[in-house]
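Participant: One structure, pasted below without further comment.
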Amino acid sequence: MSTNDILFLAEFDAGQATRSALELAAGAAALAAQSGGEAVALAYGPGAADGAAGLGAHGAARCVVLGDERRPAVVHAPAATAVAREGALALLAPATPNGRDLAAALVGSLGLPAFGPVRAVRLVDGTLETEQATLQGAVITTSRPNEGAPSPSVVLVLANTFTPIEGGTGSAAVSTAPTDDGESGLARATIAESQPAEATVVNLEEATVIVAGGRGVGSQEGFGVLQELADVLGGAVGASRAAADAGWVPYQLQIGQTGKVVKPSLYIAVGISGAIQHRVGMQSAEHVIAINRDPDAPIGEFADLFVVGDLFGVVPALTDELRRRRGE
Amino acid sequence: MKIVVCIKQVPATGADKRYTDDLRLDRASAEAIINPLDEYAIEQALRLADDGVADVITYLTMGPESASEALRRALAMGGDDAVLVSDPGLAGSDEWVTARVLAAALDRLAPDVALMGMASDDARGSLVPGAVAAMRDVPLLSYGAELRVAGNEARVRRLSSDGFDWIAAPLPVVASLTDQVGEPRYASLKGIMAAKRKPLETWTLADLGLSAAELHGGALTRVTGARPPEAKPPAERVENVTPTEAAARIADWMAARKLI
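So the sequences go chain by chain: F and E.
For the first sequence, the tail end lands on 442 under the working numbering, and the numbers increase by one without skipping.
For the second sequence, the tail end lands on 268 under the working numbering, and the numbers increase by one without skipping.
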C-alpha cells in the first residue's frame with residue numbers, strides 16, 4: 115500500500131465483474147502508471163471473492179475483497195476500513211446510484227474530497243485533476259484537491275470513460291478486508307420487499323449503442339420498431355422521461371437528469387425533442403444521430419446528423435438497409 | 009413528527025450560466041430558483057403534513073443572504089419555518105463542506121426525516137444526501153420514487169437493476185427523492201402572503217459550533233479552470249428525402265465513422 119496507489123470500486127454480479135469494474139480497472143491502471151503506484155480493486159458483490167484475482171488480467175495489481183453484498187448500506191463499513199488503511203491517492207467510483215451512494219458514504223464518514231461525475235481524470239505534476247461538465251453542460255470545469263486535503267480523492271466516473279483492458283494475463287494479489295464489528299447507522303436500512311420487472315431490462319450504462327425514443331414514438335408498440343434497429347446494431351433501447359412517464363418503457367430505460375447518464379459511442383435519438391434534462395443524460399455520447407419530424411427540434415442543436423422525417427418511415431428503412439449491407 | 013427539507017438555490021433552468029473570473033458560479037448573472045428536484049421533496053413533505061403524519065416542516069438551505077428568497081418561495085408552498093446557514097467562510101464550498109454544514113444544522117434541528125432532491129441542477133454529483141447520512145450515522149433512503157412514513161419507520165420505492173425494491177429504515181433517516189414522487193404544487197397568493205410572516209432564522213458557522221479551520225477553509229477541492237464546451241459543428245442535415253434515401257444516407261454516415 116502506498117500514497118501513490120489508485121483504488122477503484124469493483125462491483126460483482128452473479129460471479130462476474132461488472133462492466134464498470136473493468137472500465138475503472140483500466141482507468142486506475144492508467145493513473146497508477148503515472149503516479150508510480152498500483153491499481154487496487156475494492157471488490158464486492160456476489161462472486162467477488164472468487165473473481166477478485168481475475169481483475170489482474172484487466173489492470174489491477176491487488177484486490178481487497180469486501181464481501182458478497184452489493185448494497186452500499188452494507189458495503190460501506192468494510193470499504194471505509196479498507197480505504198482508511200490503504201491511504202491511496204484516489205478512489206474511482208462508478209457514477210451509478212449504488213456507486214454514488216457508496217462514494218457518498220465514504221466522503222461523509224472519512225471526510226474526503228469529492229469530484230464528478232467526471233469525463234476525464236489525470237495527474238498533472240503529481241496532482242490529481244478532473245474534468246467535468248457542470249451547470250447542465252454550459253461550462254466545462256477542471257478541479258483539483260486543495261493543498262493538505264485528506265486523501266484519497268473520491269472521483270465519480272461516467273460509464274464508458276475508460277475502455278477495459280482485454281486479452282491481458284496476470285492475477286491480482288487478493289486480501290480480505292477486516293470484518294467490521296461496529297454498529298453503523300447506514301446499515302439500518304434494509305430491503306423490505308423486492309419486485310422484479312416482468313421483462314428483462316438491459317443495463318443501459320453498459321451499452322455502446324443506444325437507440326432512444328421519446329414522446330414522438332407514441333406508444334409501447336412504437337418502441338418495437340426501435341428495438342429492431344437496436345438489435346441489428348447490437349445496441350440497447352433507451353427513452354426520454356416523457357416515454358417512461360407514459361408507461362411505454364420501464365423507468366430503468368430512462369435517460370436524463372433523473373434517469374441514467376450514458377456515454378455510448380453512438381446515440382440515436384428518435385422522436386425526442388431534446389429538453390435540457392434529457393441532454394445532460396447523453397451529452398457525452400461520441401456520435402449523435404437525431405431522427406425527428408420537427409425541423410426545429412432542439413435536439414438538432416446537439417446532434418451530429420439530423421434527419422428530418424417520420425420515424426415510422428425512416429427507422430424501419432434504416433433497419434432494412436443495415437441488414438441488407440450485412441448481406442442478410 | 010418533524011421533517012426538514014434541505015433545498016438549494018440554483019440558476020434557472022435554461023438561463024445563461026457562467027463562472028466569474030475567480031472561478032465561482034456567477035450567481036448574479038442568472039435568475040435564481042429552487043433547485044427543481046428539491047421541489048419534489050418539498051411536495052412530499054407537504055403531503056405528509058396534509059395527511060396528518062408530519063407536524064412541523066422546516067426548510068434548510070446553505071448559501072448567500074439572497075438564498076433566503078428560495079426559503080420564502082418554499083414557505084409560500086406551505087410548511088412552518090426556515091433556516092438559512094450563511095457565512096463568509098462558506099463561499100466556494102464543495103460537496104464535503106456542504107454536507108458537513110447541513111449535517112451540523114440537522115443535528116441541531118433533529119428531524120425525524122430529512123428530505124432532499126436526488127440531485128442539484130448545477131453540480132449533479134448526488135453525493136450530499138449520502139454524505140450527510142454517513143456524518144449523522146443515520147440510514148440513507150436514496151433515489152426514492154415513492155415515500156412512505158408510518159409509525160417509527162420510513163420507506164422508499166427505489167429502482168433496482170430489473171425492477172424495484174422497497175428500502176425501509178427506522179427513524180431518523182435521510183431520504184433523497186426523484187421526480188417520480190408526484191408533481192410539486194404551486195404557491196397560492198394566500199401562501200405567498202403567509203410566507204412573509206413565517207419565521208426565518210439565519211445561522212452562522214459559529215452558531216453551529218463549526219470553525220473555518222475545521223472546514224479546511226471552506227472546501228477540500230477547488231475549481232482550477234472553466235471554459236465553454238467544445239463548439240460542436242452544426243449538425244449535418246438530411247431532409248426532404250424518402251425514408252429509403254434517408255436510411256441510405258444514415259448508413260453511409262455511420263460507415264464513414266466505422267460505426268457499422
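Think of the CB as a built atom: it goes at the ideal place given N, C-alpha and C, for glycine as much as any other residue.
All figures in this text were calculated on a predicted structure; none of them were measured in a lab.
Once you ignore the five residues that flank residue 213 of chain E on each side, which residues in its own chain have a CB closer than 6 Å to its CB?
Facilitator: Excluding positions up to five away in sequence, the list reads 95 and 97.
Participant: Name the chain E residues that come within less than 7 Å of residue 310 of chain F, Cβ to Cβ?
Facilitator: 170 and 171
Participant: For a quick check, are the C-beta atoms of residue 117 of chain E and residue 12 of chain E less than 7 Å apart?
Facilitator: yes
Participant: Taking only beta-carbon atoms, is residue 356 of chain F less than 7 Å away from chain E?
Facilitator: At a cut-off of 7 Å between C-beta atoms, residue 356 of chain F does not count as an interface residue with respect to chain E.
Participant: Looking at residue 178 of chain F and residue 289 of chain F, is the spacing between their C-beta atoms short of 7 Å?
Facilitator: yes
Participant: Check distances from the C-beta atoms of the region 45-78 of chain E to those of chain F and list, in chain order, the residues that come in under 8 Å.
Facilitator: 45
Participant: Less than 7 Å between CB atoms is the rule here; does residue 253 of chain F satisfy it with respect to chain E?
Facilitator: yes
Participant: Can you tell which of E:267, E:255, E:203 and E:236 has the C-alpha that lies nearest to the C-alpha of residue 249 of chain F?
Facilitator: Taking only the C-alpha atoms, the option nearest residue 249 of chain F is E:236.
Participant: Measure the alpha-carbon distance for residue 47 of chain E versus residue 360 of chain F and round it to whole angstroms.
Facilitator: 21 Å
Participant: Using a Cβ-Cβ distance under 7 Å, would residue 369 of chain F count as near chain E?
Facilitator: No, no contact with chain E.
Participant: Just list the residues that DSSP pairs residue 173 of chain E with in beta bridges.
Facilitator: F:308 and E:166
Participant: Do three or more CB pairs link the region 227-241 of chain F to the region 270-277 of chain F at distances below 8 Å?
Facilitator: Yes, since at least three Cβ pairs between the region 227-241 of chain F and the region 270-277 of chain F fall closer than 8 Å, the two stretches touch.
Participant: I want to see whether chain E comes within less than 7 Å of residue 256 of chain F, judged by CB atoms only; does it?
Facilitator: yes
Participant: Give the range of the alpha helix (DSSP H) segment to which residue 229 of chain E is assigned.
Facilitator: No alpha helix (DSSP H) holds residue 229 of chain E; the beta strand (DSSP E) holding it covers 229-235.
Participant: Can you check the region 56-126 of chain E for any beta strand (DSSP E) of at least 3 residues that lies completely inside it and give the ranges in chain order?
Facilitator: 64-70, 89-93 and 121-125
Participant: So which residues on chain F does residue 217 of chain E lean against when the C-beta distance must stay under 7 Å?
Facilitator: Result: empty, since nearest Cβ-Cβ is about 17 Å, beyond 7 Å.
Participant: Do you know whose CA, among F:149, F:426 and F:129, lies nearest residue 116 of chain F's CA?
Facilitator: F:149
Participant: If you pair each beta-carbon of the region 192-210 of chain E with each one of the region 183-190 of chain F, do three or more pairs fall below 8 Å?
Facilitator: Touching, no, given that fewer than three Cβ pairs across the two stretches are closer than 8 Å.
Participant: Give the residues from the region 212-224 of chain F that approach chain E closer than 7 Å (Cβ to any Cβ), ordered along the chain.
Facilitator: When C-beta distances to chain E are compared with 7 Å, the residues of the region 212-224 of chain F below that value are 214, 215, 217, 218, 219, 221, 222 and 223, in chain order.
Participant: Please confirm whether residue 146 of chain E has its beta-carbon closer than 7 Å to some beta-carbon of chain F.
Facilitator: yes
Participant: In the DSSP output, what is residue 158 of chain F paired with across the bridge?
Facilitator: F:125 and F:181
Participant: Counting only beta-carbon atoms, is residue 338 of chain F nearer than 7 Å to chain E?
Facilitator: no
Participant: Would you report the Cα separation of residue 356 of chain F and residue 412 of chain F, rounded to the nearest angstrom?
Facilitator: One C-alpha to the other measures close to 15 Å.
Participant: Report the residues of the region 123-141 of chain E with a CB closer than 9 Å to any CB of chain F, ordered along the chain.
Facilitator: 126, 127, 129, 130, 131, 132, 133, 134, 135, 136, 137, 138, 139, 140 and 141
Participant: Any idea if residue 238 of chain F is buried or exposed, counting beta-carbon neighbours within 10 angstroms, 16 or more meaning buried?
Facilitator: Using a 10 angstroms sphere on the CB of residue 238 of chain F, the tally of other CB atoms stays under 16, which defines it as exposed.
Participant: From the DSSP secondary-structure annotation, give me the bridge partner or partners of residue 211 of chain E.
Facilitator: E:93
Participant: Using a Cβ-Cβ cutoff of less than 8 Å, which residues in the same chain neighbour residue 258 of chain E once the five nearest sequence positions on both sides are dropped?
Facilitator: For residue 258 of chain E, where only same-chain residues beyond five positions count, the Cβ hits under 8 Å are 246.
Participant: Just the Cα atoms here: how many angstroms apart are residue 86 of chain E and residue 70 of chain E?
Facilitator: If you draw a straight line from the Cα of residue 86 of chain E to the Cα of residue 70 of chain E, it comes to about 20 Å.
Participant: Among all the DSSP beta bridges, which residues are the ones paired with residue 259 of chain F?
Facilitator: E:229
Participant: The alpha helix (DSSP H) that contains residue 190 of chain F, what's its start and end?
Facilitator: Under the DSSP assignment, residue 190 of chain F falls in the alpha helix (DSSP H) whose first and last residues are 186-200.
Participant: Could you check how far apart the C-beta atoms of residue 140 of chain F and residue 324 of chain F are, in whole angstroms? I think they sit under 8 Å.
Facilitator: Not a contact, Cβ separation roughly 21 Å.
Participant: Do you know whose CA, among F:170, F:433 and F:441, lies nearest residue 346 of chain F's CA?
Facilitator: F:433
Participant: Taking DSSP's pairing of strands, which residues face residue 157 of chain E in a bridge?
Facilitator: E:162
Participant: Go ahead and pull the three-state DSSP assignment for residue 28 of chain E.
Facilitator: coil
Participant: Can you tell me where the beta strand (DSSP E) holding residue 406 of chain F begins and where it ends?
Facilitator: For residue 406 of chain F, the enclosing beta strand (DSSP E) starts and ends at 401-406.
Participant: State yes or no: is the beta carbon of residue 155 of chain E nearer than 7 Å to at least one beta carbon in chain F?
Facilitator: no
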